[in-house]
């Protein structure tokens, strides 16, 4: 799990929650389970990983939530 935050007014400003990133073993199964509440998994910016986003606005959740596949084995 990763929590992303930002300073509201630059350094020294108040911190604010920007979003949450969770690692899931099977994004396709998550999509099957959550249906339209989850975007279709796609290639992530990080090599070897996939990402899907929860449709948080439709669920009255204010922070973005992403599901990522695990880091590839080294």
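In this note's numbering, the protein residues as written are 1 to 74. By construction, the Cβ of each residue, glycine as well, lies at the ideal position given by its N, Cα and C atoms.
Check: Which whole-angstrom value describes the C-beta separation of residue 40 and residue 52, a residue pair presumed to lie in contact below a C-beta threshold of 8 Å?; Outcome: 7 Å
Check: Expressed to the nearest angstrom, what Euclidean distance is found between the alpha-carbon atoms of residue 56 and residue 22?; Outcome: 14 Å
Check: DSSP three-state call for residue 73: helix, strand or coil?; Outcome: coil
Check: Would residue 38 and residue 68 qualify as a contact pair, given that the criterion is a beta-carbon distance under 9 Å?; Outcome: no
Check: For residue 48 versus residue 64, is the C-beta spacing smaller than 9 Å?; Outcome: no
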